[in-house]
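Chemist: Once you've had a glance at the structure underneath, I'll fire off some questions.
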Amino acid sequence: MKLLYILSAFILFLSCTDKKKSSNTNNNSAEREVIIPEFQTIIDSAAIKGSIVIYDLKEDKYYSNNFKWAKKGKLPASTFKIPNSIIAIETGVVENDSTLFEWNGEERFLKSWEQDLIFKEAFHYSCVPCYQEVAREIGAKRMSEYLKKFEYGAIKVDATNIDSFWLEGESRINQFEQIDFLKRLYQSKLPISKRTESIIKQMIVMETNNHYKISGKTGWSISNGNNNGWFVGYVEVQNNSYFFATNVAPKQQFNMDLFPSIRKEVTYTALKQMKIIK
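Under UniProt numbering, the residue at position 245 of the sequence shown is numbered 245, and the numbers go up by one with no gaps.
Laid out in structure tokens, this is it:
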């Protein structure tokens with residue numbers, strides 16, 4: 001009888017402890033997610049809908065206008081060129097950021113793609129045919145293995161979609177996962193060589209000046225007639241680093257001629273709002 005009493009008391013103690021842990025976890029999560037109403041104003045004024053997420057590495061806090069949107073997966077689109085580039089160099093499919101991709105003379109979707117491009121240029125011009133060639137060379141097996149090691153979203157890749165899985169289909173990644181992946185790249189926590197890491201970190205730099213350095217990639221997918229846009233990356237300043245993931249969709253009245261630029265514009269405005277950049 002005494003043993004039964006002790007056992008019951010022990011189970012009750014564990015139950016209370018688990019509840020306390022769960023409560024603390026929820027509280028910690030809530031404390032790390034800060035709503036910034038000004039981000040919503042930025043989104044609304046651009047005639048788009050979506051979410052801007054900025055992560056403060058030093059404070060370990062996320063700032064956003066819409067965390068619900070941020071936690072829903074979307075097609076990675078051309079933001080996938082970051083892991084695709086890493087895998088290409090790590091496997092030897094591409095030697096370095098100066099590897100030449102020769103244009104075959106065929107008409108392409110963008111005029112900027114109709115030329116010979118080195119790998120770094122192919123990244124910044126977001127040359128889809130170049131990266132489709134890279135993906136085919138990597139192959140579905142190696143691509144899947146690396147993405148699993150990278151813990152990169154929920155990506156559906158096989159031999160039938162090896163050159164399109166990031167643009168269409170069921171592959172998904174959310175804004176928190178984008179930031180987590182970039183943070184691990186930045187902190188040298190991805191299972192890749194130092195050589196690959198060094199090449200990629202230099203390759204993805206978009207802007208640098210005396211005050212900050214911005215690295216990242218945009219993306220744009222069209223699924224069932226619905227446009228979705230990304231801008232992901234990180235900002236290095238003197239005493240801190242900030243990671244961002246913006247995901248937006250146009251409202252009905254939006255001028256689609258502005259969609260290529262609006263993803264970066266709203267992100268830069270949010271970074272200025274947070275006084276991260278000037």
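The C-beta atom is built at its ideal place from N, Cα and C for all residues, glycine as well. In this text, all values refer to a predicted model and were calculated from it rather than measured experimentally.
Ignore the nearest five residues each way along the sequence and tell me which others in Val237's own chain have a CB closer than 6 Å to its CB.
Modeler: Same-chain partners within the cutoff: Tyr212.
Chemist: Helix, strand or coil for Ala154, going by three-state DSSP, please let me know.
Modeler: Strand.
Chemist: How far does the beta strand (DSSP E) with Met206 in it reach, from first residue to last?
Modeler: Run containing Met206: 205-208, per the beta strand (DSSP E) assignment.
Chemist: Just confirm the distance between the C-beta atoms of Ile87 and Asn65, as a whole number of angstroms; I'd bet it's less than 8 Å.
Modeler: With 8 Å as the limit, Ile87 and Asn65 do not qualify as a contact, their Cβ atoms being about 33 Å apart.
Chemist: Are the beta-carbon atoms of Lys71 and Asn174 separated by less than 7 Å?
Modeler: Their beta carbons are under 7 Å apart, which means Lys71 touches Asn174 by this criterion.
Chemist: Should Ser221 and Leu167 be called a contact, given that it needs their Cβ atoms to be closer than 7 Å?
Modeler: Yes, the Cβ-Cβ distance between Ser221 and Leu167 is below 7 Å.
Chemist: Quick check on Met256: buried or exposed, where buried means 16 or more other Cβ atoms within 10 Å of its Cβ?
Modeler: So Met256 counts as exposed.
Chemist: What number of angstroms, rounded off, separates the C-alpha of Glu102 from the C-alpha of Ile54?
Modeler: If you take the alpha carbons of Glu102 and Ile54, they lie about 38 Å apart.
Chemist: Exposed or buried, what is Pro209 when buried is set at 16 or more other beta-carbons lying within 10 Å of its beta-carbon?
Modeler: The displayed chain sequence assigns Asn, not Pro, to residue 209. The residue is exposed, with fewer than 16 neighbouring Cβ atoms inside 10 Å.
Chemist: In terms of residue numbering, what span does the beta strand (DSSP E) encompassing Val34 cover?
Modeler: Its beta strand (DSSP E) spans residues 33-35.
Chemist: Between Phe119 and Thr91, which are expected to be in contact by the criterion C-beta below 8 Å, what is the C-beta distance as a whole number of angstroms?
Modeler: Wrong, their Cβ atoms sit about 14 Å apart, outside the cutoff.
Chemist: Would you mind sorting Lys148 into buried or exposed? The rule is 16 or more other CB atoms within 10 Å of its CB.
Modeler: Lys148 should be labelled exposed.
Chemist: Return the chain-ordered list of same chain residues with a C-beta closer than 7 Å to the C-beta of Thr196, the five sequence neighbours on each side being excluded.
Modeler: Counting only Cβ-Cβ distances below 7 Å, and skipping sequence neighbours, we find Ile86, Ile89, Glu90.
Chemist: Within the same chain, show all residues whose beta-carbon is closer than 8 Å to that of Pro129, passing over the 5 residues directly before and after it, in chain order.
Modeler: Correct list, in chain order: Arg108, Trp113.
Chemist: Relative to the C-alpha of Gln252, which candidate in Arg32, Glu207, Met203, Asp44 has its C-alpha closest?
Modeler: Checked all of Arg32, Glu207, Met203, Asp44; the closest Cα to Gln252 is Asp44.
Chemist: Out of curiosity, what's the CA-to-CA distance linking Ile48 and Pro76?
Modeler: Roughly 19 Å between the two C-alpha positions.
Chemist: Skipping 5 residues on each side, what residues in its chain have a beta carbon closer than 7 Å to that of Phe150?
Modeler: Closer than 7 Å at Cβ, skipping near neighbours: Pro83, Phe181, Leu190.
Chemist: Could you give the distance in angstroms between the alpha-carbon of Asn96 and the alpha-carbon of Ser198?
Modeler: Computed Cα separation, rounded: 10 Å.
Chemist: Taking only three categories from DSSP, how would you classify Thr25?
Modeler: Confidence is the limiting factor: at Thr25 the pLDDT is only 36, short of 50, which leaves the residue's position unreliable and the question unanswerable from this model.
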